[in-house]
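Participant: Structure in structure tokens, see below.
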Amino acid sequence: MKHIEITINGKREELDVAPSETLLEMIREKLFLTGTKEGCGMGECGACTVVMDGVTVNSCLVLAAEADGKSIVTIEGVGTAEKLHPVQEAFVKHGGSQCGFCTPGMIVSGTYLLKKNPRPTEEEIREGLAGNFCRCTGYTKIIESVEAAAKMMGEGGDS
Amino acid sequence: MEKYSVIGKSVPRVDAVQKATGDAKFAADLSLPGMLWCKILRSPHPHAKILNIDTGQAESHPGVKAVCTGKDFGGWTWGFMPQTRDEPPLAVGKVRYQGEGVAAVAAVDEETAEEAAQLIRVDYEELPGVFDPEEAMKPGAPAVHDHVQNNQSWEFHMDFGDVERAFEESDIVREDRFETGRVMTGYLEPPAAVAQYDSNGITLWGAKQSPYFVYRHMAACFNLPLNKIRIIQPFIGAGFGGTKNDSVAGDFCSVLFSKRTGRPVKFVYNMEEVLKTARRRHNFIIHSKMGMKKDGTLMAIQQKSIAEGGAYTAIGPLTLYLSGALTTLPYKLPNFRYDAYRIFTNHPVGAAMRGHGATHTRFAAEVQMDIIAEELGIDAMEVRLKNAVTAPHETINKVTVKSCGLTEGLKTLRNTELWHRRGKGGASGRGVGLSAASYLGGARQLGHQSCAAVIRLCEDGTVNYLTGATDCGQGSDTVLIQIVAEEMGLRMEDVSIKRVDTAVTPCDPGSYGSRVTILAGMAAQRAAQDVKSQLAQFAANEWKVQPGDIEFRDRKAFVKDRPELSMSFEKLSKIACYSRSGAVIIGRGYSQYGLERYDWDKGLGNPGTSYSFTAQLAEVKVDLETGVARCENTILAHDCGRPLNPLNVHAQNQGGTVQGLGQTLYEEFLMDQGITRNASLTHYKMPLSTDVPNIEIIDIITQDPDGPYGAKEASEGCIVSTPTAVVSALKDATGIWFKTLPVTPEKIYWALQKKKE
Chain H
0 MKHIEITING KREELDVAPS ETLLEMIREK LFLTGTKEGC GMGECGACTV VMDGVTVNSC
60 LVLAAEADGK SIVTIEGVGT AEKLHPVQEA FVKHGGSQCG FCTPGMIVSG TYLLKKNPRP
120 TEEEIREGLA GNFCRCTGYT KIIESVEAAA KMMGEGGDS
Chain Z
0 MEKYSVIGKS VPRVDAVQKA TGDAKFAADL SLPGMLWCKI LRSPHPHAKI LNIDTGQAES
60 HPGVKAVCTG KDFGGWTWGF MPQTRDEPPL AVGKVRYQGE GVAAVAAVDE ETAEEAAQLI
120 RVDYEELPGV FDPEEAMKPG APAVHDHVQN NQSWEFHMDF GDVERAFEES DIVREDRFET
180 GRVMTGYLEP PAAVAQYDSN GITLWGAKQS PYFVYRHMAA CFNLPLNKIR IIQPFIGAGF
240 GGTKNDSVAG DFCSVLFSKR TGRPVKFVYN MEEVLKTARR RHNFIIHSKM GMKKDGTLMA
300 IQQKSIAEGG AYTAIGPLTL YLSGALTTLP YKLPNFRYDA YRIFTNHPVG AAMRGHGATH
360 TRFAAEVQMD IIAEELGIDA MEVRLKNAVT APHETINKVT VKSCGLTEGL KTLRNTELWH
420 RRGKGGASGR GVGLSAASYL GGARQLGHQS CAAVIRLCED GTVNYLTGAT DCGQGSDTVL
480 IQIVAEEMGL RMEDVSIKRV DTAVTPCDPG SYGSRVTILA GMAAQRAAQD VKSQLAQFAA
540 NEWKVQPGDI EFRDRKAFVK DRPELSMSFE KLSKIACYSR SGAVIIGRGY SQYGLERYDW
600 DKGLGNPGTS YSFTAQLAEV KVDLETGVAR CENTILAHDC GRPLNPLNVH AQNQGGTVQG
660 LGQTLYEEFL MDQGITRNAS LTHYKMPLST DVPNIEIIDI ITQDPDGPYG AKEASEGCIV
720 STPTAVVSAL KDATGIWFKT LPVTPEKIYW ALQKKKE
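Going down the list, the sequences are from chains H and Z. For the first sequence, position 36 matches number 35 in numbering that gives the first Met the number 0, and the numbering has no gaps at all. For the second sequence, position 455 matches number 454 in numbering that gives the first Met the number 0, and the numbering has no gaps at all.
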């Protein structure tokens, strides 16, 4: 076991993690943040996307021990039902979710994309979400949601 | 004033906030105190005798609490019909496909269960396998099931009109062979459940698209009455038919382990298990013969289908049925003959998937019609407009169409700029294709058909709406709440839906065959009307009027034409349920569309309640050097009757279109002597955001009498129309007809090479 300290969604946590434990397992099973999903467990589907020190990662491919000293943001840290992030608000309004299983990872990727590039073209949104698989939507409403969020954030002066 | 307050509006989904915040709990997110983990040991061989299973080492492994094998289920098997119950929870005696469950372990955590499963020693005697349905049909081929002749799992024969005479009277007759691919549904959430067995029976929180299938399976397998079976539905990470409409080995093993250990047991499959073992769409070989008059009139279709069924029967008989019964739409067809054979092989099981049945045979018929029309010099639009069904219509196999927007849809597409780009791609590799399709909604089976609803009134004027119908992502919870709110004159937020709990919600056949909006929707309407009529008694007493004069709108009850007699819905509810009496107001309703039986043996009658119509244009760009094709634009003119939530209808159609596109251009299991060689999401290529076209959906509004507010199905039709629109566009781009799906870059490349020669 290795003792690590992380900041998760703005809160400091100390944990003991096994050498083979992934960041995804730690998030879901030790911190009980089940919003982050496991689809393939092999870095192919993006359902487990979280932000680590400002960069999106597939948390199934990162060892928990590697997160020592780092700051992690999961879907639970993006916004809450009371105070949705504009990307979440746009997903709600524009039908960005269907079954909802890819949604947390998709929204984390969407927020990261807009942070890096507040006014993306449609092509840049497609590229920015290319690591997140969705079978339900055909991506159209997801792309529209991210476009709408970019607009909302631009108008709000956040960007 | 508008006729409806919430029906027909693009309201956000009722579960959207939960899903966007990560608050929505799926089966894998659940855990219980003392919970064990179940892992399945799977066969490495596609066909082998099980000589011996030694579980000793696994049983003594630290942390292991129980081990089971196929024999522990006492010979119980399940299947779609009494005569096709051929599938055991775990293999008994022999394995019939690679990845079939052979044994299972329950241990204190997932890792220990995985380790222990690998300690089970299975002695196999490998058997020669059959991996090609045409080979499997030949006399002397290895038998997947003993006593099944020529590996024939099921057959269907339909014969309407006189095809022989019609071919004689045709000016042109063609015969072609078509093939559809080995593909899967592609839901992202792997199957998972938490099971608990105690003195009160079985409780299972499972990722199930149709929980009442599992409810019946568990009662039968564990010999318990249905009132002891409680299937509770968390959020479902999509279904699309097949696996999530069924039980899986993990369900049975987890329940058995819980029974033995007294502890809750959980399983979550990994993606490799999904890709190697889950139900797939059947792949079909279709020999199609079609006759047409010089003027483009369709005279006859005769098809022979060979469907690869894999190792067990599952729902395969229905696949065969639908692949025939739906061929007589969307064009007027006076003569039709169909012979279909479902063949066992040593591959994973073929079952239902979105667009069930029709995706195969309609692909063949639609492309063949285009080829013939081209030979006759009739353009694709003209041949469709000439033959398109118009309502009312009864097909030769007595499928009745009461509303049809196909002609309007085709004419709408004819006016688009995209249609006018057809035939103008020149040497650039661009092409535009056209197709049309129909699909049933409100699917019928021979057994349980109706959906039911219960609405409980709370004293504050809000309601709990109980349905046995499952929203596995398609958005039915939202549409059903729209219906309840509309009928009762309430707002969406006044209606709370409780997801399926078989101990509480009314029994429901399941979420398949686009049946929920139509049938659960009608049940919801009726239950709401029942609440209103009970409440109207109380209002009538207050005002000394007749109950029939009471109306409900805008959260109010009032007397018709007497606006001074009005009170809030909340106040009336309080009077009824609290202050003047403690009345228990519970509304009940069940659907009554389409209860007449169809003739399963002859293929006669309605397999659905109503039928959607789709006309579609697709534009592709083909790299003529490499054969890489990309669909860039598509437009669907889609008749789902009245769209109850247009945003959701469009979203469903976009999803179905892209799923269909994947199965046209990208997706295919690569099989090698029964082994799945591409069991990962990288190698089984489904579309990503960078692969999808711009999709435009045009609503063609019709009003079907057999659906709530005139609604019909959405998204199963477009998975039938997309492959044919794309194949038609590929022809426009390359001059080549592709008859085998998927049309991979390799196939396009070699076809282009051959054409050059």
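Glycine included, every Cβ here is placed at the ideal spot set by N, Cα and C. What you are looking at is a predicted structure, and each value in this text was computed from that prediction instead of being measured.
Do Z/Gln655 and Z/Ser611 have their CB atoms nearer than 8 Å?
Facilitator: It should be noted that the sequence gives Gly, not Gln, for residue 655 of chain Z. For Z/Gly655 and Z/Ser611, no; Cβs fall outside 8 Å.
Participant: Using the Cβ count rule (16 or more neighbours within 10 Å means buried), how would you classify Z/Ser322?
Facilitator: That one is buried.
Participant: Determine whether the Cβ of H/Ala148 lies closer than 8 Å to any Cβ atom of chain Z.
Facilitator: False, the Cβ-Cβ gap to chain Z never drops below 8 Å.
Participant: In or out: H/Met152 buried (at least 16 other Cβ within 10 Å) or exposed?
Facilitator: The residue is buried, with at least 16 neighbouring Cβ atoms inside 10 Å.
Participant: Spell out whether any CB of chain Z is found under 8 Å from the CB atom of H/Ile71.
Facilitator: With 8 Å as the cut-off, H/Ile71 does not count as an interface residue toward chain Z.
Participant: Which term fits Z/His44, buried or exposed, when burial requires 16 or more other beta carbons within 10 angstroms of its beta carbon?
Facilitator: By the 10 Å Cβ count, Z/His44 comes out buried.
Participant: Please list, in chain order, the chain H residues whose beta carbon lies closer than 7 Å to that of Z/Leu646.
Facilitator: Going along chain H in sequence order, the residues near Z/Leu646 (Cβ under 7 Å) are Gly94.
Participant: Any contact of the stretch 140 to 150 of chain H with the stretch 108 to 128 of chain H, i.e. 3+ C-beta pairs under 8 Å?
Facilitator: Flag = yes, the stretch 140 to 150 of chain H and the stretch 108 to 128 of chain H touch.
Participant: Could you tell me how far apart the beta carbons of Z/Gly602 and Z/Arg443 are, in whole angstroms, since I believe they sit closer than 8 Å?
Facilitator: That pair is no contact at about 13 Å.
Participant: Confirm, please, whether the CB-CB distance from Z/Asn282 to Z/Glu178 is below 8 Å.
Facilitator: Yes, these two residues count as a Cβ contact at 8 Å.
Participant: I need the boundaries of the alpha helix (DSSP H) containing H/Ala147, first residue and last residue.
Facilitator: From DSSP, the alpha helix (DSSP H) with H/Ala147 extends over 139 to 154.
Participant: If I'm right that Z/Thr625 touches Z/Pro741 with Cβ under 8 Å, what's the distance once you round it to whole angstroms?
Facilitator: No, Z/Thr625 and Z/Pro741 are not in contact; Cβ-Cβ is about 16 Å, not under 8 Å.
Participant: Kindly confirm or deny that the stretch 88 to 95 of chain H and the stretch 54 to 62 of chain H touch, where touching means at least three C-beta pairs closer than 8 Å.
Facilitator: No, the stretch 88 to 95 of chain H does not touch the stretch 54 to 62 of chain H.
Participant: Please look up how many angstroms separate the CB atoms of Z/Leu89 and Z/Val101, rounded, as I've assumed it's under 8 Å.
Facilitator: So it is a contact: roughly 6 Å between Cβ atoms.
Participant: Select from Z/Ala248, Z/Ala364, Z/Leu680, Z/Leu31 the residue whose C-alpha is nearest the C-alpha of Z/Val719.
Facilitator: The option with the nearest alpha carbon to Z/Val719 is Z/Ala364.
Participant: On the DSSP bridge list, what partners appear for Z/Leu603?
Facilitator: In the DSSP output, where bridge partners are listed per residue, Z/Leu603 has Z/Asp598.
Participant: Take every Cβ of the stretch 521 to 530 of chain Z, pair it with every Cβ of the stretch 468 to 482 of chain Z, and state whether three or more of those distances are shorter than 8 Å.
Facilitator: Counting Cβ pairs under 8 Å, three or more are found: they touch.
Participant: Taking CB distances under 8 Å as the criterion, tell me whether Z/Met670 reaches chain H.
Facilitator: Not an interface residue.
Participant: Select from the stretch 123 to 154 of chain H all residues with a C-beta closer than 9 Å to any C-beta belonging to chain Z, and list them in chain order.
Facilitator: For the stretch 123 to 154 of chain H, which is checked against every Cβ of chain Z, the residues closer than 9 Å are Ile124, Arg125, Glu126, Gly127, Leu128, Ala129, Gly130, Asn131, Phe132, Cys133, Arg134, Cys135, Thr136, Gly137, Tyr138, Thr139, Lys140, Ile141, Ile142.
Participant: Please determine if the stretch 230 to 239 of chain Z and the stretch 184 to 197 of chain Z are in contact, where contact requires at least 3 C-beta pairs separated by less than 8 Å.
Facilitator: Touching, yes, given that three or more Cβ pairs across the two stretches are closer than 8 Å.
Participant: Hey, how far is the Cα of Z/His346 from the Cα of Z/Val143?
Facilitator: The straight-line gap from Cα to Cα measures roughly 10 Å.
Participant: Could you tell me which whole alpha helix (DSSP H) segments of length 4 or greater appear in the stretch 127 to 199 of chain Z?
Facilitator: Runs of the alpha helix (DSSP H) inside the stretch 127 to 199 of chain Z: 132 to 135, 162 to 168.
Participant: Would you say Z/Met685 faces chain H, with C-beta separation under 8 Å as the test?
Facilitator: Yes, Z/Met685 lies at the interface with chain H (some Cβ there is under 8 Å from its Cβ).
Participant: Should H/Ala64 be flagged as near chain Z, meaning a C-beta pair shorter than 8 Å?
Facilitator: For H/Ala64, the answer is no, since every Cβ of chain Z falls outside 8 Å of its Cβ.
Participant: What are the start and end residues of the beta strand (DSSP E) that includes Z/Cys67?
Facilitator: Element bounds for Z/Cys67: 63 to 68.
Participant: Which residues mark the beginning and the end of the beta strand (DSSP E) in which Z/Gly309 is found?
Facilitator: First-last of the beta strand (DSSP E) with Z/Gly309: 297 to 309.
Participant: Assign Z/Thr681 to one of two classes, buried (16 or more other C-beta atoms within 10 Å of its C-beta) or exposed (fewer than that).
Facilitator: Burial call: exposed.
Participant: Less than 8 Å between the C-beta atoms of Z/Asp548 and Z/Lys559, yes or no?
Facilitator: Contact flag set, yes.
Participant: Are any of the Cβ atoms in chain H nearer than 8 Å to that of Z/Ile235?
Facilitator: Cβ-Cβ to chain H under 8 Å: yes for Z/Ile235.
Participant: Please check if any C-beta of chain Z sits within less than 8 Å of the C-beta of H/Met51.
Facilitator: Output row for H/Met51: interface = no.
Participant: Which same chain residues, not among the five before or five after Z/Pro391, have their C-beta less than 8 Å away from its C-beta?
Facilitator: Once the five neighbours on either side are set aside, the close Cβ partners of Z/Pro391 are Thr399, Val400, Lys401.
Participant: Contact criterion: CB-CB distance below 8 Å. Does H/Glu12 meet it with respect to chain Z?
Facilitator: It does not: the Cβ of H/Glu12 has no partner Cβ on chain Z nearer than 8 Å.
Participant: So which of Z/Gln97, Z/Ile305, Z/Ala15, Z/Ser152 has the shortest CA-CA distance to Z/Met80?
Facilitator: Selected option, being the one with the closest Cα: Z/Ser152.
Participant: Quick one: list the residues of chain H neighbouring Z/Tyr186, beta-carbon separation under 7 Å, in chain order.
Facilitator: Near Z/Tyr186 (Cβ distances below 7 Å), the residues of chain H are Arg134.
Participant: Pull up the CB-CB distance for Z/Phe403 and Z/Asp638, whole angstroms please, since I reckon it's below 8 Å.
Facilitator: Contrary to the premise, residue 403 of chain Z reads as Cys rather than Phe in this sequence. The Cβ separation is near 7 Å, so the contact holds.
Participant: Among H/Glu126, H/Lys140, H/Ser144, whose alpha-carbon lies nearest the alpha-carbon of Z/Asp690?
Facilitator: Per the Cα distances, H/Glu126.
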